[in-house]
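Each remark here refers to the structure printed beneath this line.
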Amino acid sequence: MGTFLLFILLLINLASQTIPIHAGKLSSEEWQTLNGEHPMVIARGGFTGIFPDSSPYAYQFAMSTSLPDLALYCDLQLSKDGEAICQTELKLDNTTNIAVVFPKRGNTYKVNGKDIEGWFAVDFTSTELFTNVSMVQGLISRPTLFDNFLPFFGVEDVIGLKPAHIWLNVQYDMFYTQHKLNMASFILTTSRRTAISYVSSPEIGFLKSLSGKINKVKTKLIFRFLDKDLVEPTTKQSYGSILEDLSSIKPFVSGILVPKNYIWPVSAGRYLEAPTSLVTDAHKLGLEVYACGFANDVTTSYNYTYDPTAEYLQFIDNSVQFSVDGFLTDFPPTASEAIGCLAHTKKNNKTGKALIISHNGASGVFPGCTDLAYQQAIDDGADIIDCSVQMSKDGVAFCFDTPDLATDSNVMTSFISRASMVPEIQPQKGIFSFDLTWSEIQSLKPQLISSTANYGLVRNPENNGKGKFLTLNEFLEMAKAKAVSGILVNIENAAYLASNKGFSITDAVAKALRNATFDKQVTQQVLIQSDDSAVLTEFKKVPTYKRVLYIKDVTSGAPKSTAEQIKKFADAVNLQRSSVVHTTDFFTTSYSHIVKDLKAANISVYVSVLRNEYTVIAIDFFSDPIMEIATYVSNTIGVDGIVTEYPATATAYMRSPCSIPENENLSYNILPASAGNLLELAPPEVLPPAEAPVPPLEAADVIDPPLPQVAVVASKKAPAPAPAGASTKSSQPANTVNLGLGLVAIMVLCLLSLSY
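The letter at position 289 of the sequence shown is residue 289 when you use the numbering used here, and the numbering goes up by one with no holes.
As structure tokens, this is what we get:
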């Protein structure tokens, strides 16, 4: 086994060469922890968010990507012959392939008064476990690429990694005592020859058996609280009642490990409630407080807007002035960046160089293109707020993501009879802005849409329906009044509107910008974006405007001849994420060279659209939106701006010291992930099939014909009002039509929104 472990550890070291580094000191600002030092990161079974729990990969990768004083957490179990292994669950059949290897060796035992059926370490020798059994990922939502080939990792193996701290958790001491295996004896023997920094257990009797025997200077005893209604097996008290009398456990422990909702409760509706006084009360008694239950790929409070670092900061950098002493987490690098990069930076100016460009405002927080979404984007630090311009039937230019109003409003409830096919715009039916008057559009309720709703990751339901849609003029007035750094005006379907609806959307935009004097000032940057080269050419006459070519198709490069053509009509290019980072089954495979190609031609490059939800983030970015942002803006890729639905997350990174690539005076830094390195760690036989190469961008892909003349349309008047008392809804069966169109809209949203 030693040769195998050496081989895989060498592989992991290679894979982590460009992952976060350690140097210097953390922020000198005083921490609210018990000892005044920064909180500790405790890796539960290693980096279990990606690799099988307590596997060699999980432990080594945790050390390579986290703060230097990381604690490796091992749930201690003993084999039949007393060999110590690390495994989180008492039953081995959920996290290993033991049931396949030894199909007839299952058993049923009574544990804390309940019968549990499965495969248990106490029924197998260490040779059987280490030689025959392999690790598997215990959660089906996590990668299975590393299953069935990684061996058990023992306590001796963890010690051999020489981490700063080792944390042993003894979850079922009574169970092992019944099988004549002595956990306390093992810990005492081990602690005499190597440093065990922490020993935790939910059993008071076990901790008391160590108190007075173990060296308290070297090893801290921690009482682990379980759910409040469960009963502690020694005292027969509920954990909730023990919590109310912390002084009763103070004589034999140095701290407590509690579920995170003991500190910041979350309501059934997934909103944060007021914090408890637990941390303050424990600190007054001299008890450290460690919180558990942290992972990037689980649903948490809507207050965190799917940003896992926001949750960590809530526990260590909050307005109520308390800090936990550490986190037990499945994603140790994210906890590390919260502590080492983001804490105590709310008052910092942004140091990151990339522009933060909103996508329909802060559309991850409020319905897109509403006054509230734009105000939130401004409050959250967006450099550029955006308006995708649509035209109403009576010629009003307004902000909305697409011409199909069914995407982000409740238009189907009142105007289903206006549904039509416009193949020049989209392949399925829609209810289009140019078929409704502005007054009708104003009657609509905005909808907070999430491209990840089919994964169960809905956005804050309390904000659904809030806000009002803005005309282009109102958007421009807001941008001037709020003194944002700049605006982006997006124009699409100009040719169709001119030839079929009699609207010159370019003239409408140009006039609105002139009326708002954006053509005569340079304090606020103006970006004109379009997927049509002819549209951008129309705005060449105003030199202060920066023209942005939006490339919807996935591409991989821009030959010099193509870049030269783009340079004739555009100053910047907005690319899809999948044109920059190529992925297979959510693993990165390579970074394209298109950003370097375009920047070599002095063309700025933006990337879109970034979202916080972990289901749209490549696994190499650790289900962490800040890790993804850091990779895009790093020198490895080097985009000039990111287009995001969550500007607050981008701002948090841009104002952190870790946003400066050359900053070496940090205890922790976020360096870009190396494309393809995680795939290289998996056995070749389980790798997903290689995808067809993505073609480069050709000149023909970006050159469009001149815009057509504006057609004369017979009538743009609103339809005659319905007779009094008559319904404005379609006479067709509403449920059937709404369901059909709704499903189509959802499917299209998912296809258009997901870049991976």
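We put the CB at the ideal spot given by N, CA and C, even for glycine.
Where the beta strand (DSSP E) through residue i begins and ends
i	result
Trp31	That residue, Trp31, is in no beta strand (DSSP E); it is neither H nor E in DSSP.
Ala700	Run containing Ala700: none in the beta strand (DSSP E); it sits in the alpha helix (DSSP H), Ala699 to Val702.
Phe398	Ala397 to Cys399
Lys114	Lys114 to Gly118
Asp386	Ile384 to Met391
Arg44	Met40 to Arg44
Lys110	Asn107 to Val111
Leu355	Leu355 to Ser358
Leu328	Gly326 to Thr329
Ser185	Run containing Ser185: none in the beta strand (DSSP E); it sits in the alpha helix (DSSP H), Met183 to Arg193.
Thr644	Gly641 to Thr644
Residue i, buried or exposed, once every other Cβ within 10 Å from all chains shown has been counted against 16
i	result
Arg514	exposed
Ala711	exposed
Val580	buried
Ser533	buried
Lys567	exposed
Val253	buried
His179	exposed
Met747	At Met747, the pLDDT of 37 sits below 50, so the modelled position is not reliable and the matter cannot be decided from this model.
Pro251	exposed
Glu685	exposed
Arg459	buried
Ala268	exposed
Gln709	exposed
Met421	exposed
Asn318	exposed
Val600	Sequence inspection shows Ala at residue 600; the Val mentioned does not correspond to that position. Label assigned to Ala600: exposed.
Glu37	exposed
Val713	exposed
Asp620	buried
Gly45	buried
Pro647	buried
Residue interval of the alpha helix (DSSP H) (run including residue i)
i	result
Arg577	Arg577 to Val580
Ile505	Ile505 to Asn515
Val158	Val155 to Gly160
Ile204	Ile204 to Leu210
Tyr176	Asp173 to Gln178
Ser64	Pro56 to Thr65
Thr651	Pro647 to Met654
Leu372	Asp371 to Asp379
Tyr312	Pro308 to Ile316
Asn665	That residue, Asn665, is in no alpha helix (DSSP H); it is neither H nor E in DSSP.
Identity of the residues DSSP links to residue i by a beta bridge
i	result
Cys74	Leu168
Gly340	Gly340 is not bridged to any residue.
Val489	Cys387 and Ile528
Lys91	Phe120
Cys292	Pro259 and Leu328
Asp435	The partner list for Asp435 (beta bridge, DSSP) is empty, contrary to what the question assumes.
Asp404	Phe432
Cys86	Leu76
Ser201	Phe223
Ala362	His359
Met135	Thr96
Ser409	Pro446
Ser420	Gly430
Cβ-heavy atom distance, residue i to the ligand ATP, below 8 Å
i	result
Leu697	In the structure on display, the ligand ATP does not appear, and there are no ligands present to speak of.
| task | Kindly provide the ranges of any beta strand (DSSP E) runs that are 3 or more residues long and lie completely inside the segment 218-275, ordered along the chain. | result | Counting only runs of 3+ residues, the beta strand (DSSP E) found wholly inside the segment 218-275 occupies 220-224 and 255-259, in chain order.
| request: Would you check if there are 3 or more beta carbon pairs closer than 8 Å linking the segment 689-708 to the segment 605-622? | output: Put simply, the segment 689-708 does not touch the segment 605-622. Fewer than three CB pairs are less than 8 Å apart.
| said: When you compare the segment 71-86 with the segment 143-150, are there three or more beta-carbon pairs, one atom per stretch, that lie closer than 8 Å? | reply: Result no; under three Cβ-Cβ pairs closer than 8 Å.
| request: Note down, one range per segment and in chain order, each beta strand (DSSP E) of at least 3 residues found wholly within the segment 518-596. | output: For the segment 518-596, whole beta strand (DSSP E) runs of length 3 or above, ordered along the chain, are 525-530, 545-551, 572-576, 581-584 and 587-591.
| Per the contact definition of three or more C-beta pairs closer than 8 Å, is the segment 479-491 in contact with the segment 381-394? | Inter-segment contact for the segment 381-394 and the segment 479-491 is present: three or more beta-carbon pairs are separated by less than 8 Å.
| request: Specify whether the segment 427-436 and the segment 332-351 touch according to this definition: at least 3 beta carbon pairs, one from each stretch, less than 8 Å apart. | output: Remark: fewer than three beta-carbon pairs, one from each stretch, lie closer than 8 Å, so the segment 427-436 and the segment 332-351 are not flagged as touching.
| query | Quick one: complete alpha helix (DSSP H) runs, 4+ long, within the segment 594-635? | reply | Counting only runs of 4 or more, we get 594-600 and 625-633.
| Does the segment 256-270 touch the segment 313-332, meaning 3 or more C-beta pairs lie closer than 8 Å? | Yes, the segment 313-332 touches the segment 256-270.
| Cβ pair count under 8 Å reaching 3, the segment 550-563 against the segment 631-644 | By the Cβ criterion, the segment 550-563 is not in contact with the segment 631-644, since fewer than three pairs of Cβ atoms, one from each stretch, lie closer than 8 Å.
| query | Using 8 Å as the threshold, is the segment 294-304 in touch with the segment 328-346, meaning 3 or more CB pairs across them? | reply | In short, these stretches touch, since the Cβ pair count reaches three.
| field | At least three beta-carbon pairs within less than 8 Å, the segment 102-109 to the segment 220-228 | value | Between the segment 102-109 and the segment 220-228 there are fewer than three inter-stretch CB-CB distances shorter than 8 Å, so the stretches are not counted as touching.
| task | Take every Cβ of the segment 165-172, pair it with every Cβ of the segment 60-72, and state whether three or more of those distances are shorter than 8 Å. | result | Three or more Cβ pairs drawn from the segment 165-172 and the segment 60-72 lie within less than 8 Å of each other, which places the two stretches in contact.
| task | Evaluate contact between the segment 469-484 and the segment 351-370, counting only Cβ atoms and requiring at least three cross-stretch pairs below 8 Å. | result | Cβ pair count under 8 Å is three or more, so yes.
| request: Assess, as a yes-or-no matter, whether the segment 145-156 is touched by the segment 85-101 under the definition of 3 or more beta carbon pairs within less than 8 Å. | output: Output reads yes: the segment 145-156 touches the segment 85-101.
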